[in-house]
Structures are given as structure tokens and as C-alpha cells.
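K.L.:
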Amino acid sequence: MAKKQAPLKYKLIVFDLDETLWTVSDGLCNLIEPPFRMATPDRLVGQRGLWVELQPGVRDMLKVFNERGAFVSLASRNDAEPTKKLLEFMGILDDLFEPQLCWKPKEESIEKIIKLLKKKEGVSVKPDEVLFIDDWPENISAVRRWGATALLYGQDVLSFEGLIKILD
Ligand SMILES: [Mg+2]
4 MAKKQAPLKY
14 KLIVFDLDET
24 LWTVSDGLCN
34 LIEPPFRMAT
44 PDRLVGQRGL
54 WVELQPGVRD
64 MLKVFNERGA
74 FVSLASRNDA
84 EPTKKLLEFM
94 GILDDLFEPQ
104 LCWKPKEESI
114 EKIIKLLKKK
124 EGVSVKPDEV
134 LFIDDWPENI
144 SAVRRWGATA
154 LLYGQDVLSF
164 EGLIKILD
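Set out below in C-alpha cells:
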């Protein structure tokens, strides 16, 4: 029987989407319209050649976090419906707990996820049990003030292959 791995030190891990979990050809991902196709395993292309591409290691990372019992979610400033369609076509929507795709401040989106975790899963999460990763320094400082650990993608986190190691 497989040995059960030790739980991660964060119960909830929340990612920004554009320029964090994936790169966008131009502007915001919610501008990409169907029909979609996968040009490579990680690059989704929509109309007019606009695309999003997952950063290396994202699929494996989501799998590992979920296997180790953490809840993984998103706080992304985008319109919900078109963005959800991209996540679904990309095949990662089911790896995410109640992703927040809206125009609210990131800390409000995280609070919403925590409320939903309590309501739907009976799990209580305190701010210091949350890890947040985003490519915008303003979002990082706001979430730090709120009480979570927040890491700047591109500076504190350089790759998702490396992230799992610093969480152990
Ligand atoms: Mg971003």
C-alpha cells in the first residue's frame, strides 16, 4: 500500500490566473472566444489566433496539491463565464475548488473561498493557513496585510516545479 504523504503546511492555495498559472497572448484571457483547440498539450487557441498557455509544471502541481489534501483555487480578475470555459477546455477546472473569477479585490475572493469551504466541506481555514500566488506586487501586499502568506510569481516563485519543494 502506498505510504500516505504528510499534509502540506497550507490548507488552501490560491492562484492568480493571467501571467501566473498561464500566459495570455494579449490582454485578458476572457477575450479568447471559441471554438477552442489545443495547439500543444498546454496551449489553447481560440478565435483570431488568441491563446493561453499553462506555465510548465502546472498540471503536475495541481495534482500533487490535491493528492496531499490541500484545497486549490483561483482569485482572478476576469469575467466568470468565458474564463470558466477556458479552464474546462484546458482540463483543469475539476482540480479547482470554487474558483473566484470576478472583479473584486483578491483578499475578498479568498474570504469567499473560505466561506464556501466551511459551508460545503465543513473545513475551517484561517488566514495563516492560506498561500496566495500572483504576479502583481499590489495584490501580494494586500493579501499579506489580510494575513496570508503571499508570494510574488516571477520573484518569490520562479517555477511551479520548484514551488512544491518550498512547501514541504
Ligand atoms: Mg496576473
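Residue 4 is where the sequence shown starts when you use my numbering, and the numbers rise one by one after that. By construction, the Cβ of each residue, glycine as well, lies at the ideal position given by its N, Cα and C atoms. Treat the numbers as computed from the prediction; the structure is a model and nothing was measured.
#1: What ranges does the alpha helix (DSSP H) occupy inside the region 118-165, keeping only unbroken runs of at least 4 residues that lie completely in it?
#2: Would you check if the distance between the CB atom of glutamate 36 and the CB atom of glycine 49 is smaller than 8 Å?
#3: With distances taken from each beta carbon to the nearest heavy atom of ligand 1, which residues come in below 7 Å, in chain order?
#4: Give the DSSP bridge partners of alanine 78, in chain order.
#5: What residues in its chain sit with their C-beta under 6 Å from that of methionine 4, if we drop five residues either side in the sequence?
#6: Using DSSP's beta-bridge definition, name the partner residues of threonine 26.
#7: Is the region 142-162 in contact with the region 120-127, if contact means three or more CB pairs nearer than 8 Å?
#8: Have a look at Pro108, Ile117 and Thr86 and flag the residue whose alpha-carbon is nearest the alpha-carbon of glutamate 132.
#9: With a 10 Å radius around its C-beta and 16 neighbouring C-beta atoms as the bar for buried, classify lysine 6 as buried or exposed.
P.N.:
To lay it out plainly:
#1: Those alpha helix (DSSP H) runs which fall completely within the region 118-165 and span 4+ residues are 140-149.
#2: Cβ distance < 8 Å, so glutamate 36 and glycine 49 count as in contact.
#3: The answer, residue by residue, is Asp19, Leu20, Asp21, Glu22, Thr23, Asp137, Asp138 and Trp139.
#4: Bridge partners of alanine 78: Gln103.
#5: Unreliable placement is indicated for methionine 4, whose pLDDT of 44 sits below 50; the coordinate value is still reported in the next sentence. Beyond the five residues adjoining it in sequence on each side, methionine 4 comes within less than 6 Å, by CB distance, of no other residue in the same chain.
#6: DSSP lists Glu56 as the beta-bridge partner residues of threonine 26.
#7: Under the 8 Å Cβ criterion, the region 142-162 does not count as touching the region 120-127, having fewer than three qualifying pairs.
#8: When C-alpha distances from glutamate 132 are compared across Pro108, Ile117 and Thr86, the shortest belongs to Ile117.
#9: Because the pLDDT at lysine 6 is just 45, under 50, the model does not fix this residue reliably, and the point stays unresolved.
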